[in-house]
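J.: Here it is, the structure in full.
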Amino acid sequence: MQISRRILSGLFAVDVTVAISAYVAIAVLLLGDVILRETGGGSLWGAQRISVYLMIVIGFLGLGLAAAKGRHLRPQFLDHVVPARYSETADRIGSGLMALIFGGFGVVGVQFVAEAIEYGDMARIIDIPLWYIQLVVPYAFFSTALRYVLFALHPELRPQEVLE
1 MQISRRILSG LFAVDVTVAI SAYVAIAVLL LGDVILRETG GGSLWGAQRI
51 SVYLMIVIGF LGLGLAAAKG RHLRPQFLDH VVPARYSETA DRIGSGLMAL
101 IFGGFGVVGV QFVAEAIEYG DMARIIDIPL WYIQLVVPYA FFSTALRYVL
151 FALHPELRPQ EVLE
């Protein structure tokens, strides 16, 4: 279980670090772009497009971060159908199903990236292969699937669900 806890902590640290770095980069890019435009210096080349790509990365990383903090939206209308004595089993099954769903999306994400590589898709304006950016798609789905696998194996590691 200690290894599982370390894996979850490592995934969270990586996702948070990348997401915060991307937010800071967006702020710097857009602020710089606005300042240059307002002072008559033109604009910052590619700032808006790069910011959009970074926002996509942040959005996908949010999948794992939401799972790590018990903040995924889910229907609750069947919560009281399962008797309390089976709640741990139900949680394990639910986490296992989520792992399968996210794993399936991860496979689709790999196919998505493979097609971008095959067709030579390029990111407009910044002129880099689009698949560099798209790598976040399978990463996000597979890392979220891994989290749910670990929650199924060790329900005590699953975060308390936040109901708002």
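In the UniProt record's numbering, the protein residues as written are 1 to 164.
We put the CB at the ideal spot given by N, CA and C, even for glycine.
1) Quick one: Cα of F102 to Cα of Y23, how far?
2) Tell me whether the beta-carbon of V113 lies closer than 8 Å to the beta-carbon of L135.
3) How many Å lie between R5 and L157 at the Cα?
4) Which class does M98 belong to by DSSP, given the choice of helix, strand or coil?
5) How about I58 and A116: do their beta carbons lie closer than 8 Å?
6) For the candidate residues I133, I128, D127, M98, whose alpha-carbon lies nearest to that of S143?
7) Apart from the five residues just before and just after G64, which ones in its own chain have a Cβ nearer than 7 Å to its Cβ?
T.: Per the coordinate set shown:
1) 25 Å
2) yes
3) One Cα belongs to R5, the other to L157, and the distance between them is close to 7 Å.
4) It is helical.
5) Cβ atoms of I58 and A116: not closer than 8 Å.
6) M98
7) L11, D15, A140, S143, T144, R147
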